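Throughout the sequence shown, residue numbering follows this note's numbering, covering 58 to 649 in sequence.
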Amino acid sequence: MNIILLLFVSTLLNISVEAEVISGTVTDENNRPLPGVNITVEGTNTVTQTNFDGKYTIKAEEGDKLVFSYIGYKTAKIKVGDKKVIDVALKPDFTALEEQIVVTGIQNSQLRIRGVATHLPPQRESYNQIEENIFKSTNTTPLSTFSIDVDKASYSNVRRMINNGQKVHKDAVKIEEMLNYFNYDYAQPAGEHPFAIHTAVAETPWNSDTRLVKIALQGKTIPLDDVPASNLVFLLDVSGSMNSQNKLPLLKSAFKLLTAQLREEDKVAIVVYAGAAGVVLPSTKGSDKKAIFEAIDNLSAGGSTAGGEGIELAYKIAQENFIENGNNRVILATDGDFNVGASSDRAMGDLIEEKRDTGIFLTALGFGMGNYQDSKLETLAQKGNGNHAYIDTMQEAKRVLGTEFGGTIYTIAKDVKIQVEFNPAKVQAYRLIGYENRLLNNEDFNDDKKDAGELGSGHTVTALYEIIPAGVNSKYLKDIDDLKYSDRKIKSSSEELLTVKFRYQKPEGSKSILITKSLKDEVEPMDADFKFASAVALFGMQLRESEFTNNAPESLVISLADAGRGEDPEGYRAEFIRLVKTVNTGQTMNEE
């Protein structure tokens, strides 16, 4: 569900000292909690939102009006009296079906909305095709090489589809991005390198014949006060395709949230593009928030989409204001629907690749539904030394541009590559779960000119391999003819299961640094994080209808996630469990 955003600054204005805390729960007509409902005190800048359980607290005084707003539901206004607990049940707004729809079922391209049938709007969303990784024999292919991926867009996009009652598009499910959406309790680095390495091996929860290997990175968390001065260019899509509540209005509120965190030494310019590109705010000190807010407030949508022209201009402005040894970044916000000038995935990739050597990084933020072009934004992020997130609600905006602000805008290591060598004496075959769009040729590992993923402040990266131990019969092992000219059936006395190597470059560097770590063949019980990661991976495999789930029941995902929930202070793991249960009850797996 998406949110109608009215205001975002949670400061108390126009509220007397007698203001008291009002609390309550917001639900739908069926008493289901609504997370992310926007609640404001009318006529003030006081705002809050409901949490994952639909609960809220806000300060108001008697006589004030609380405004409850949520896309797809009628706005409710309730006058504050002497009650300190105000519960609200929002009613669906059938006049806003084109913006957001409360879905109870989908049949034959029609929506069933509490007895009302309406045709689905045209779906023009675009995703790169994913060919699922299969098991590879260590006798013929002992090396596995891939780029890290800290993008999280897939999880929030899949969440949006589930919440909207849509069948999840298979190619929208990128398991690595679902894994890396969640924070894990990995220890911070203690040495010279900007990230710590964590490995483990355990029994595979869904297949007793295999093992699950975890390889994880924990990026060093840099306090915001210690981040170098930032030179940011907001590149904002204001074309006609952005003219809906879950696009430009959400975008504007999200960038206000980002602006609120800027320091005096930071600076920001704003470039917009529709039929053409233009500068609406020259590079401005981060302390001049009034000017930045006004420029954002004045944005409106209309026209076609000259994305290529906008990118050219944004990088030009960023280069003109470049800060040596600073944090130079273009932050693109769009639905990705480019249709003027260079617009294909290939053309946009070539364009952004030209900019990679400028020392300017890229963040690509996706908005909206119906014509969301995930494939284009993924290409831009991969080619442009960048990261990619999908923002479907203000809650997600707060996570990406608030809680994880430092990791989103500040890179601590670039071109991070991982290469794993499996010991054939211990491992017959292996399969990397996810990362299909991040695979590299083995020779790319030592090639410092070969681009790979960037790691931001505090970011975690988790990768899982499913392995078939030596001597185990498995239905997933495919027969291949014996090699005529070489014998790769190596016998080793080593107790090592594998050796994993990492290469990375410093943000301003061009020569890679190598780290090597070995993992012994010692199976241990899963800790909470490992259990939760395996639950996410299995859920992703089920959504993709993978052949490797071993027909594991949906209940296994829930039991693993419950066991791995841990403290969960922000409720993201609890939300995941609710999503799994929603899918498992059959509410959202109907055909489009």
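Where is the CB? At the ideal position from N, CA and C, for every residue including glycine.
These numbers come from a predicted model, not from an experiment.
Considering only the beta carbon of each residue, do N378 and N288 sit closer than 9 Å?
Yes. Within cutoff.
Three-state secondary structure (DSSP) at N214?
Note: N214 maps to helix in three-state DSSP.
Specify the secondary structure class of G513 as computed by DSSP and reduced to three states.
Strand, per DSSP.
Considering just the uninterrupted stretch of the beta strand (DSSP E) at I388, what are its terminal residues?
Counting along the chain, the beta strand (DSSP E) containing I388 begins and ends at N384 to T391.
Taking P149 as the reference, give the member of Q186, T197 and N87 with the closest Cα.
The residue with the shortest Cα to Cα distance from P149 is N87.
Using the Cα positions of A257 and E411, report the straight-line distance between them to the nearest angstrom.
Taking the straight line joining both Cα atoms gives about 39 Å.
What is the DSSP secondary structure of S201, counted as helix, strand or coil?
S201: strand per DSSP, three-state reduction.
Put P306 into one of helix, strand or coil per three-state DSSP.
Helix at P306.
Of the choices I79, E602 and L281, whose alpha-carbon is the least far from that of T105?
T105 has its Cα closest to that of I79, out of I79, E602 and L281.
Which parts of the stretch 452-503 are runs of the alpha helix (DSSP H), unbroken and 4 residues or longer, counting only runs that do not cross its ends?
462-466, all fully within the stretch 452-503.
Keeping to the same chain, check which residues put their C-beta closer than 6 Å to that of I187; ignore five residues upstream and five downstream.
Counting only Cβ-Cβ distances below 6 Å, and skipping sequence neighbours, we find D228 and E493.
Indicate whether V295 and V336 have their beta-carbon atoms separated by less than 9 Å.
Going by C-beta atoms, V295 is not nearer than 9 Å to V336.
Does DSSP put R268 in a helix, in a strand, or in coil?
Three-state DSSP puts R268 in a strand.
Rounded to the nearest angstrom, how far is the Cβ of F589 from that of R630, given a contact under 8 Å?
Confirmed, Cβ separation roughly 6 Å.
Could you tell me whether the Cβ atoms of G443 and F424 are closer together than 9 Å?
Against a cut-off of 9 Å, the Cβ pair of F424 and G443 comes out as no contact.
Counting Cβ pairs, one atom from each stretch, are 3 or more of them under 8 Å apart for the stretch 294-314 and the stretch 257-268?
Touching, no, given that fewer than three Cβ pairs across the two stretches are closer than 8 Å.
If I'm right that S213 touches D431 with Cβ under 8 Å, what's the distance once you round it to whole angstroms?
Wrong, their Cβ atoms sit about 11 Å apart, outside the cutoff.
Kindly indicate which residue of I572, I466 and G513 has the alpha-carbon position closest to the one of N503.
The shortest C-alpha separation from N503 is found at I572.
Taking the alpha carbon of V477 as the point to measure from, which residue in S204, S183, A117 and A594 has its own alpha carbon closest?
The candidate whose alpha carbon is nearest that of V477 is S204.
For the stretch 270-289 against the stretch 500-514, are there 3 or more C-beta pairs whose distance is under 8 Å?
Counting Cβ pairs under 8 Å, three or more are found: they touch.
Quick one: grab the DSSP three-state call for N288.
N288: strand per DSSP, three-state reduction.
Using DSSP with H/G/I as helix, E/B as strand and the rest coil, what is R635?
R635: helix per DSSP, three-state reduction.
Out of F312, R456 and L356, point me to the one whose CA is closest to V387's CA.
Among F312, R456 and L356, the Cα nearest to that of V387 belongs to F312.
Determine the DSSP secondary structure at N641, reduced to helix, strand or coil.
Three-state result, N641: helix.
Taking only the alpha-carbon atoms, compute the straight-line gap between S344 and A371 and give it to the nearest angstrom.
Going by the C-alpha atoms only, they are around 21 Å apart.
In terms of alpha-carbon separation, which member of L123, T84 and F239 lies closest to T460?
Residue F239 is the option with its Cα nearest to T460.
Can you tell me the Cα-Cα spacing of L540 and T197, whole angstroms?
One C-alpha to the other measures close to 9 Å.
Rounding to the nearest angstrom, what Cα-Cα distance links V173 and E99 in this structure?
Because V173 sits at a pLDDT of 38, beneath the cut-off of 50, its placement in the model cannot be relied upon, and the following sentence gives the value as read from the coordinates. Roughly 33 Å separates the two Cα atoms.
Please identify the residue among K122, V94 and V457 whose C-alpha is closest to the C-alpha of D110.
It is V94 whose Cα lies nearest to the Cα of D110.
Report all residues from its chain with a CB closer than 6 Å to the CB of L281; omit the five preceding and five following residues, and keep chain order.
Result list for L281: G463, in chain order.
Closest to A333 by CA distance: which of N355, E366, D323 and T101 is it?
Cα-wise, what sits closest to A333 is E366.
By Cβ distance below 7 Å, which residues in the same chain neighbour Y130 in space, the five residues on each side in sequence not counted?
Closer than 7 Å at Cβ, skipping near neighbours: L147, K148, P149 and D150.
Taking DSSP as the reference, what is the three-state secondary structure of K412?
Of the three classes helix, strand and coil, the one that applies to K412 here is coil, per DSSP.
Kindly give me the distance between the Cβ atoms of S183 and K433, rounded to whole angstroms, as I take these residues to be in contact under 8 Å.
With a Cβ gap of about 7 Å, S183 and K433 count as contacting.
What's the C-alpha gap between T556 and K577?
The straight-line gap from Cα to Cα measures roughly 9 Å.
Of the choices K563, K193 and D392, whose alpha-carbon is the least far from that of P526?
Minimum Cα distance to P526 is reached at K193.
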